[in-house]
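Peer 1: Residue numbers (our numbering), protein chains in the order written: chain Y, 237 to 456; chain Z, 22 to 477. We put the CB at the ideal spot given by N, CA and C, even for glycine.
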């Protein structure tokens with residue numbers, strides 16, 4: 237009886253072990269498949285970066301053309317938001333329409349957008365380009381302290397003390413001065429939709445914008 | 022009945038193209054990539070660095086046409102123009118341009134173009150062009166490519182683009198606007214006297230019997246673009262008869278009149294390319310060696326044209342200011358074994374040479390307002406029959422002049438252009454004998470051309 241019980245028990249045990257192993261194997265296989273899918277998505281993203289994005293943004297998202305932003309080491313959440321905004325035609329300044337609407341809607345879906353953002357976030361950042369020391373000092377001051385009298389917050393409070401960005405707030409360090417200036421003007425003129433920044437850009441004078449962009453371009 | 026259905030379908034098709042949203046309301050490639058014309062063009066047809074990359078990669082960026090059927094792989098283009106020639110009357114009272122001062126459709130084209138898959142793409146253009154009394158309809162530029170882009174494992178950009186092209190006009194496959202097919206002026210009056218009195222064969226010139234290469238040839242080429250720096254191509258052009266006559270459809274209804282090329286004419290191209298910031302530069306050479314039989318023959322003696330060209334281009338492109346410049350110099354050696362005194366007698370000499378030079382600079386403000394200044398000059402060896410017979414007083418083909426052009430692009434698929442062409446020399450000097458037998462000044466050929474150019 238007991239041996240029968242044992243038999244039954246061992247049978248149950250065997251079944252349980254087989255099930256457990258199946259589940260484990262299945263889980264491992266599923267995990268492996270998922271990983272492979274991720275790898276292939278990552279590979280696809282890298283391929284798109286190297287055959288489409290590179291043409292304007294440069295190899296690895298670093299370029300020397302002020303028309304097109306550096307993307308290397310950019311915050312992935314920010315990149316994702318922007319790519320979705322291009323795809324859904326919510327970011328609508330002329331250059332975005334001319335170049336990015338098509339790329340984001342023809343070549344990318346949500347899965348690839350995440351992978352592209354991840355790819356560029358992982359690339360080594362563009363090196364800073366030193367600028368006029370006076371402008372750099374002025375930009376540095378404004379970036380870290382803002383101007384409480386005018387209700388101008390410190391840029392560093394969102395973009396980080398080293399301007400490397402955080403989550404949806406973009407990295408600005410090492411970005412092209414001309415690109416930064418253009419974006420500040422587009423935001424000020426409400427051509428680029430950025431509610432948080434609009435209130436800030438509104439308060440900045442043209443010369444303050446130049447100082448900030450010069451300072452930010454000089455950072456690594 | 023079926024014709025009516027076809028017409029209805031064509032109108033419906035056209036209507037759907039015209040009804041497309043503005044950002045996509047531009048030709049087939051823009052619909053394929055979803056990008057704006059000025060992603061690829063400074064102003065059509067001048068290419069930006071991205072446009073060159075798009076063409077070299079076989080027009081394969083974006084969605085394949087079968088995956089995006091709503092984006093018709095069709096495009097249309099038309100030019101409506103009016104010309105005023107300074108002295109429109111020859112010495113015998115006949116008119117240079119019988120329609121001087123009349124607005125008319127200069128040309129209209131239909132394009133079929135797109136990406137077939139990641140490695141295959143191209144376009145075919147059919148054009149109706151005004152010939153002074155009516156319209157000639159036939160195959161125009163065609164370029165079909167099979168390409169591969171190699172990215173090294175873990176690489177961040179292509180280190181090699183290589184491909185095959187089939188096209189029907191030497192240099193139409195080129196991506197820089199300093200070679201003949203796509204060089205300035207990008208459009209000229211269909212009826213006024215424009216350009217050189219005589220051009221080299223590779224530059225759209227004609228043989229002594231009056232045949233050019235643009236109609237009548239089909240080329241097969243292989244090219245490589247290495248590290249975005251060195252471009253090398255070798256192509257072979259042959260007569261587009263038999264199976265290949267599709268590349269010349271409509272242009273020459275009487276196939277016995279085709280200007281036959283002996284065998285395969287080699288075409289080569291080597292170019293150095295560099296980009297930095299918003300600037301890019303190209304310096305290169307191109308050439309072709311063509312042996313041609315008499316009209317309608319595919320045997321017997323031939324003329325030989327050896328064309329060697331040097332070219333360079335500079336572009337500076339930003340959102341606000343764009344500067345571009347192109348120049349080319351072509352030297353042609355002509356060996357008239359067929360046309361010369363020994364055979365047809367269309368030339369006095371057994372050989373000759375011709376040099377042509379072009380340079381232009383353009384400025385564009387916000388991709389909307391453009392101004393271009395161009396200069397052109399040619400000289401060549403004397404020939405009493407070929408050039409003297411055409412009216413040259415010194416038996417030379419020498420021509421020179423300049424072109425001033427102002428452009429306005431209210432939308433990137435509409436261009437209004439005002440072009441002034443002025444001649445210092447035509448057919449050898451500042452005066453020549455006109456077709457009526459009297460003396461004509463080169464500057465009598467000066468003309469103003471107002472043109473509306475639309476591409477959809």
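Counting only the same chain and skipping the five closest in sequence on each side, list residues whose C-beta sits under 7 Å from that of residue 361 of chain Z.
Peer 2: For residue 361 of chain Z, where only same-chain residues beyond five positions count, the Cβ hits under 7 Å are 368, 370, 371.
Peer 1: Skipping 5 residues on each side, what residues in its chain have a beta carbon closer than 7 Å to that of residue 474 of chain Z?
Peer 2: Excluding sequence neighbours, residue 474 of chain Z sits near 100, 208, 436, 438.
Peer 1: Measure the CB-CB distance between residue 335 of chain Z and residue 302 of chain Z and report whether it falls below 8 Å.
Peer 2: Cβ atoms of residue 335 of chain Z and residue 302 of chain Z: closer than 8 Å.
Peer 1: Give me the subset of the region 310-338 of chain Y whose CB atoms are less than 8 Å from a CB atom of chain Z, sorted by chain position.
Peer 2: So the close ones are 330, 331, 333, 334, 335, 337, 338.
Peer 1: Would you give the residue range spanned by the alpha helix (DSSP H) that residue 349 of chain Y belongs to?
Peer 2: Element bounds for residue 349 of chain Y: 346-358.
Peer 1: With a threshold of 8 Å between beta-carbons, can residue 432 of chain Y be considered close to chain Z, or not?
Peer 2: Not an interface residue.
Peer 1: I want to know whether the region 448-456 of chain Y touches the region 414-425 of chain Y - three or more CB-CB distances under 8 Å.
Peer 2: Cβ pair count under 8 Å is three or more, so yes.
Peer 1: In terms of alpha-carbon separation, which member of Z:333, Z:457, Z:476 lies closest to residue 113 of chain Z?
Peer 2: The candidate whose alpha carbon is nearest that of residue 113 of chain Z is Z:457.
Peer 1: Quick one: which residues of the region 60-83 of chain Z get their C-beta closer than 8 Å to a C-beta of chain Y? List them in chain order.
Peer 2: The residues in question are 60, 70, 71, 74, 78, 82, 83.
Peer 1: Suppose only complete runs of 3+ residues qualify. What are the beta strand (DSSP E) ranges in the region 273-325 of chain Z, listed by chain order?
Peer 2: Listed in chain order, they are 286-297, 300-313.
Peer 1: Taking DSSP as the reference, what is the three-state secondary structure of residue 42 of chain Z?
Peer 2: Unreliable placement is indicated for residue 42 of chain Z, whose pLDDT of 32 sits below 50; the coordinate value is still reported in the next sentence. Residue 42 of chain Z: coil per DSSP, three-state reduction.
Peer 1: With residue 49 of chain Z and residue 58 of chain Z assumed to form a contact (beta carbons below 8 Å), what rounded beta-carbon distance in angstroms separates them?
Peer 2: No, residue 49 of chain Z and residue 58 of chain Z are not in contact; Cβ-Cβ is about 12 Å, not under 8 Å.
Peer 1: Since I believe residue 306 of chain Z is in contact with residue 331 of chain Z (beta carbons under 8 Å), could you give me their beta-carbon distance rounded to a whole number of angstroms?
Peer 2: Between residue 306 of chain Z and residue 331 of chain Z the Cβ distance is about 5 Å, and since that is below 8 Å, they are a contact.
Peer 1: In or out: residue 42 of chain Z buried (at least 16 other Cβ within 10 Å) or exposed?
Peer 2: Annotation note: pLDDT 32 at residue 42 of chain Z (below 50); position unreliable, coordinate value reported separately. The residue is exposed, with fewer than 16 neighbouring Cβ atoms inside 10 Å.
Peer 1: Quick check on DSSP: helix, strand or coil for residue 52 of chain Z?
Peer 2: DSSP places residue 52 of chain Z in helix when its eight states are reduced to three.
Peer 1: Quick one: which chain Y residues come within Cβ less than 7 Å of residue 178 of chain Z?
Peer 2: Within 7 Å Cβ-Cβ: 286, 290, 295.
Peer 1: My guess is that residue 391 of chain Z and residue 384 of chain Z are in contact by the Cβ rule of under 8 Å, so how many angstroms apart are they, rounded?
Peer 2: That pair is a contact at about 7 Å.
Peer 1: Taking the CB atoms as reference points, tell me whether residue 261 of chain Z and residue 189 of chain Z lie closer together than 8 Å.
Peer 2: Yes, these two residues count as a Cβ contact at 8 Å.
Peer 1: Looking at residue 196 of chain Z: is its Cβ nearer than 8 Å to the Cβ of residue 295 of chain Z?
Peer 2: No, Cβ-Cβ distance for residue 196 of chain Z and residue 295 of chain Z is not below 8 Å.
Peer 1: Should residue 303 of chain Y be flagged as near chain Z, meaning a C-beta pair shorter than 8 Å?
Peer 2: Yes, because at least one Cβ of chain Z sits closer than 8 Å to the Cβ of residue 303 of chain Y.
Peer 1: Taking the C-alpha atoms as reference points, what is the distance between residue 342 of chain Z and residue 304 of chain Y?
Peer 2: For residue 342 of chain Z and residue 304 of chain Y, the distance between alpha carbons rounds to 15 Å.
Peer 1: Taking C-beta pairs closer than 8 Å, name the residues in chain Y that residue 227 of chain Z reaches, listed in chain order.
Peer 2: Within chain Y, no residue comes near residue 227 of chain Z; the closest Cβ sits about 39 Å away, beyond 8 Å.
Peer 1: Determine which residues of the region 292-308 of chain Z have a Cβ less than 7 Å from any Cβ of chain Y, and write them out in chain order.
Peer 2: Of all residues in the region 292-308 of chain Z, 297, 298, 299 have a Cβ within less than 7 Å of some Cβ in chain Y.
Peer 1: Give a yes or no on contact between the region 165-178 of chain Z and the region 283-290 of chain Y, applying the rule of three or more CB pairs nearer than 8 Å.
Peer 2: The answer is yes - the region 283-290 of chain Y touches the region 165-178 of chain Z, with three or more Cβ pairs under 8 Å.
Peer 1: Could you tell me whether the region 154-165 of chain Z touches the region 261-270 of chain Z, using the rule of 3 or more Cβ pairs below 8 Å?
Peer 2: Yes, they touch.
Peer 1: Under the rule that 16 or more other beta-carbon atoms within 10 Å means buried, what is residue 47 of chain Z, buried or exposed?
Peer 2: Low confidence applies here, because residue 47 of chain Z scores a pLDDT of 40, under 50, leaving its location unreliable; read the following figure in that light. Buried, since its Cβ has 16 or more Cβ neighbours within 10 Å.
Peer 1: With DSSP collapsed to three states, give me the class of residue 397 of chain Z.
Peer 2: In the structure shown, residue 397 of chain Z sits in a strand (DSSP, three-state: E or B).
Peer 1: What does a CB cutoff of less than 8 Å around residue 451 of chain Z pick up in its chain, not counting 5 residues either side in sequence?
Peer 2: Answer for residue 451 of chain Z: 445, 462, 463, 464, listed in chain order.
Peer 1: To the nearest whole angstrom, what separates the beta carbons of residue 416 of chain Z and residue 405 of chain Z, a pair I think is in contact under 8 Å?
Peer 2: Yes, they are in contact, since the Cβ atoms of residue 416 of chain Z and residue 405 of chain Z sit about 5 Å apart, within 8 Å.
Peer 1: Below 8 Å on the Cβ atoms is my guess for residue 373 of chain Y versus residue 382 of chain Y; work out the distance and round it to an integer in Å.
Peer 2: In fact, because the Cβ distance is near 16 Å, the residues do not count as touching under 8 Å.
Peer 1: Along chain Z, in chain order, which residues have C-beta atoms closer than 8 Å to that of residue 400 of chain Y?
Peer 2: Those do not exist, as residue 400 of chain Y stays about 21 Å from chain Z at its closest Cβ, beyond 8 Å.
Peer 1: With which residues is residue 388 of chain Y paired in a DSSP beta bridge?
Peer 2: According to DSSP, residue 388 of chain Y bridges with Y:383.
Peer 1: What residues from the region 363-390 of chain Y come within 9 Å of chain Z, judged by C-beta to C-beta, listed N to C?
Peer 2: Under the 9 Å Cβ criterion, the region 363-390 of chain Y contributes no residue.
Peer 1: Buried or exposed for residue 248 of chain Z, please, with buried defined as at least 16 other CB atoms from any protein chain shown within 10 angstroms of its CB.
Peer 2: Classification of residue 248 of chain Z: exposed, given that the 10 Å Cβ count is below 16.
Peer 1: Just list the residues that DSSP pairs residue 181 of chain Z with in beta bridges.
Peer 2: Answer is Z:171, Z:247, bridged to residue 181 of chain Z.
Peer 1: 8 Å is my cut-off, CB to CB: does residue 142 of chain Z come that close to chain Y?
Peer 2: Cβ-Cβ to chain Y under 8 Å: no for residue 142 of chain Z.
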